[in-house]
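Protein chains in written order, with my numbering: chain R, 190 to 464; chain E, 53 to 326.
First the structure, in the form of structure tokens, and then the observations on it.
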């Protein structure tokens with residue numbers, strides 16, 4: 190799939206959406222595991238199940254509803270992907286990131302991406318949130334480079350360049366005002382779908398990772414290419430202590446994500462209302 | 053992954069038509085470790101080529117035969133030779149036999165491999181019980197839509213290798229005066245051996261031995277809810293600052309020489325399963 194064809198696929202989806210919803214969103218939101226509360230805070234004008242949107246794949250992960258919510262958050266037009274596509278579900282990088290291209294076509298300039306992640310920094314506590322300052326891509330998957338990357342636009346860009354420092358400063362100030370911990374660190378992207386072994390947690394910590402998950406990086410790479418500014422938020426759903434590791438379950442991850450959801454909502458609402 | 057379920061039924065039915073026992077354990081024999089099958093009272097031996105949905109083994113010293121029978125009176129099925137990512141096969145088919153073992157009734161997987169030793173306290177010919185692993189294959193057998201009939205979407209990996217079985221194997225090793233370690237196996241795709249810089253990297257990230265197999269089968273066994281015990285035979289020493297070229301035939305020779313020790317430990321572990 191080359192860049193022209195993936196862009197035309199995205200354009201077709203965006204055109205269909207614009208015929209149903211005429212709002213021009215400035216912000217896009219990708220809601221990860223358990224972050225449904227943010228979606229509920231949106232005054233929805235239109236909700237599109239992914240299966241109704243032309244060309245959209247259907248999300249298969251637990252905790253992911255799989256719909257595009259269009260409406261107003263704190264009075265501002267936003268478009269939110271409730272449920273995302275993961276590489277472990279078998280999607281190509283191009284298809285897994287189609288939603289970012291579609292939201293770009295709808296007009297977004299800034300993007301919030303959230304994910305549920307394992308904490309490998311021992312100072313983190315389950316239910317904490319970490320702003321992604323940079324990432325380590327250990328997903329071993331690439332889009333077709335010669336066709337997919339638009340070299341003219343991306344030459345010289347690092348893939349983590351989209352993480353926006355002013356958005357991070359603003360979010361940190363918001364967390365202080367609201368009296369909750371907001372960390373800043375490095376997100377490691379793994380292919381999954383199994384959780385990490387103890388030996389893998391030790392390895393990722395040694396590499397400099399603070400949280401580890403199975404998403405976000407492909408989306409941020411596309412956002413970088415498209416010039417979208419990103420605030421990445423990792424919800425720490427379980428702190429991995431490799432020397433006394435307890436089993437991790439998908440259900441537990443969703444439960445801790447729910448604890449962090451109000452904080453996530455506060456940060457995003459604050460950022461949206463200041464623009 | 054959704055196509056696997058029906059294929060498992062097909063293969064299971066085929067094997068049942070040749071062998072009616074319920075296996076207690078499945079055994080995968082790696083490079084140079086095939087001779088263990090001599091200890092099996094063979095009741096059925098089927099070439100992979102004759103089994104529906106099985107892949108052929110193309111690697112050196114991998115016979116490519118499924119041997120069903122009794123090991124010390126315990127019904128087991130053993131794969132004489134396995135498939136590797138470097139042979140170009142997709143991981144979900146490389147690991148397919150593990151799903152068949154589970155479907156036939158085995159709840160224990162015994163895996164073995166020949167590996168490169170990076171821990172300086174290890175010696176050529178030593179056995180290492182795999183305590184944990186690092187997956188650097190860049191791939192995973194569970195990619196795709198999960199089939200909940202086969203296992204959970206996100207399998208936990210806090211104890212992929214059963215600690216009770218590791219302890220059992222180590223105590224047998226002590227009793228039989230066999231040198232056995234406990235350490236971390238890192239899987240890389242290969243097929244080239246590692247550079248000196250890569251050995252330093254793998255050692256730095258916490259691995260004791262390196263190989264090109266085993267991890268996919270273990271991930272699928274954990275996904276299926278099987279217990280796992282893994283044996284690595286150190287067949288060449290990989291010290292980056294005094295590295296000698298590896299000779300695959302020498303590796304097979306050393307694995308063959310170490311195989312009786314492996315057999316002792318496998319028999320001992322299975323004894324506890326009776």
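Ideal placement from N, C-alpha and C gives every residue a C-beta, glycine not left out.
No experiment lies behind these values; they were computed from the predicted model shown.
Can you round the beta-carbon distance between residue i and residue j to whole angstroms, since I take them to be within the 8 Å contact cut?
i	j	result
residue 150 of chain E	residue 160 of chain E	Contact flag wrong, Cβ pair sits at about 11 Å.
residue 289 of chain R	residue 408 of chain R	5 Å
residue 362 of chain R	residue 456 of chain R	Contact flag wrong, Cβ pair sits at about 10 Å.
residue 264 of chain E	residue 243 of chain E	7 Å
residue 233 of chain E	residue 141 of chain E	With 8 Å as the limit, residue 233 of chain E and residue 141 of chain E do not qualify as a contact, their Cβ atoms being about 30 Å apart.
residue 199 of chain R	residue 258 of chain R	The pair is not a contact, with the Cβ atoms about 18 Å apart (cut-off 8 Å).
residue 285 of chain R	residue 402 of chain R	So it is not a contact: roughly 14 Å between Cβ atoms.
residue 122 of chain E	residue 116 of chain E	That belief does not hold up - the Cβ atoms of residue 122 of chain E and residue 116 of chain E are roughly 22 Å apart, past 8 Å.
residue 70 of chain E	residue 98 of chain E	6 Å
Do residue j and residue i come within 8 Å of each other at the CB atom, strictly closer than that value?
i	j	result
residue 330 of chain R	residue 282 of chain R	yes
residue 323 of chain R	residue 352 of chain R	yes
residue 271 of chain R	residue 220 of chain R	yes
residue 183 of chain E	residue 213 of chain E	yes
residue 82 of chain E	residue 221 of chain E	no
residue 374 of chain R	residue 399 of chain R	yes
residue 424 of chain R	residue 310 of chain R	no
residue 284 of chain E	residue 180 of chain E	yes
residue 260 of chain E	residue 235 of chain E	yes
residue 441 of chain R	residue 427 of chain R	yes
residue 419 of chain R	residue 302 of chain R	yes
residue 296 of chain R	residue 391 of chain R	no
residue 210 of chain E	residue 435 of chain R	yes
residue 280 of chain E	residue 286 of chain E	no
residue 168 of chain E	residue 262 of chain E	yes
residue 355 of chain R	residue 277 of chain R	no
residue 313 of chain R	residue 372 of chain R	yes
To the nearest angstrom, report how far apart residue i and residue j are at their CA atoms.
i	j	result
residue 429 of chain R	residue 298 of chain R	35 Å
residue 261 of chain R	residue 234 of chain R	8 Å
residue 197 of chain E	residue 280 of chain R	10 Å
residue 73 of chain E	residue 204 of chain E	28 Å
residue 266 of chain E	residue 186 of chain E	11 Å
residue 315 of chain E	residue 119 of chain E	15 Å
residue 300 of chain R	residue 143 of chain E	35 Å
residue 462 of chain R	residue 411 of chain R	25 Å
residue 226 of chain R	residue 132 of chain E	53 Å
residue 67 of chain E	residue 145 of chain E	17 Å
residue 329 of chain E	residue 301 of chain E	Here chain E covers residues 53 to 326 and nothing more, so residue 329 of chain E does not appear.
residue 335 of chain R	residue 196 of chain R	With a pLDDT of 44 at residue 335 of chain R, under the threshold of 50, the predicted position of this residue should be treated as unreliable, though the coordinate-derived value follows. Whole-angstrom Cα-Cα distance: 15 Å.
residue 337 of chain R	residue 194 of chain R	Caution is warranted here: a pLDDT of 48 is assigned to residue 337 of chain R, below 50, making its placement in the model unreliable, and the coordinate value is therefore given only provisionally. Cα to Cα, the separation comes out at about 9 Å.
residue 415 of chain R	residue 240 of chain R	25 Å
residue 226 of chain E	residue 311 of chain E	17 Å
residue 199 of chain E	residue 251 of chain E	37 Å
Could you check whether the Cβ of residue i sits closer than 8 Å to any Cβ belonging to chain E?
i	result
residue 245 of chain R	no
residue 331 of chain R	no
residue 381 of chain R	yes
residue 205 of chain R	no
residue 279 of chain R	yes
residue 436 of chain R	yes
Can a CB atom of chain R be found closer than 8 Å to the CB of residue i?
i	result
residue 88 of chain E	no
residue 288 of chain E	no
residue 210 of chain E	yes
residue 119 of chain E	no
residue 207 of chain E	yes
residue 54 of chain E	no
residue 171 of chain E	no
residue 58 of chain E	no
residue 343 of chain E	A query on residue 343 of chain E cannot be resolved here, the shown segment of chain E reaching from 53 to 326 and no further.
residue 177 of chain E	no
residue 187 of chain E	yes
residue 236 of chain E	yes
On a Cα-Cα basis, can you pick out the residue from the options that is closest to residue i?
i	options	result
residue 5 of chain E	R/360, R/374 and R/380	There is simply no residue 5 of chain E to check, as chain E begins at 53 and stops at 326 in what is shown.
residue 155 of chain E	E/175, E/178, E/63 and E/293	E/63
residue 376 of chain R	R/393, R/385, R/416 and R/387	R/393
residue 239 of chain E	E/78, E/258 and E/70	E/258
residue 79 of chain E	E/70, E/55 and E/91	E/91
residue 237 of chain E	E/147, E/270 and E/216	E/270
residue 447 of chain R	R/203, R/228 and R/206	R/228
residue 309 of chain E	E/54, E/178, E/116 and E/147	E/178
residue 307 of chain E	E/288, E/318 and E/294	E/288
residue 147 of chain E	E/115, E/246 and E/202	E/202
residue 135 of chain E	E/93, E/278, E/163 and E/176	E/163
For a test of your reading of the model: does the CB of residue i fall under 7 Å from any non-hydrogen atom of the ligand ADP? Yes or no.
i	result
residue 128 of chain E	This structure simply doesn't include the ligand ADP, nor any ligand for that matter.
What residues in the region 247 to 278 of chain E have a beta carbon less than 8 Å from any beta carbon of chain C? Of the protein chains in this structure, namely R and E, none is chain C.
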